[in-house]
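Going by the working numbering, the first residue of the sequence shown is number 1259, and it counts up by one from there. From the three backbone atoms N, C-alpha and C, an ideal C-beta is built for every residue, glycine too. Below is one structure, written out as structure tokens; comments come after it.
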Amino acid sequence: MKAELRGIVKAIAGGRPAASREAILSRLGILAQGHVQQEITALRSPPNAPSTIRQKGSSNPLIHTGAMRAAVTFQLGESEGGGLLSSVSRSTLRVGL
């Protein structure tokens, strides 16, 4: 993942045309989305109580139905401040152009 992120940063810093920048930012959004979803899946602390595990059938403290993990998405859009990451709203990562 670090190597892919380095490649994305180099491409952005290299002054690519707008269409190429959009493709690069899409790659970055997909990478960030996958990383957040992976962290939600991998989290094990603090552990669920045994009664909670019996009730929901999972020891992962952030997963009950999987809806939260599935709701993590990214969206390309114009950034008000000109920054790369314009905002995080609900479960959507907004990546500015």
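Under 8 Å, with one C-beta from each stretch per pair, do the region 1293-1301 and the region 1310-1328 reach the 3-pair mark?
yes
Based on Cα-Cα distance, which residue from Lys1260, Ala1269, Gln1295 lies nearest to phenylalanine 1332?
Gln1295
CA-CA distance, serine 1303 and alanine 1269?
36 Å
For a test of the three-state rule: what should DSSP assign to glycine 1287, helix, strand or coil?
helix
Would you give the residue range spanned by the alpha helix (DSSP H) that threonine 1310 belongs to?
1308-1314
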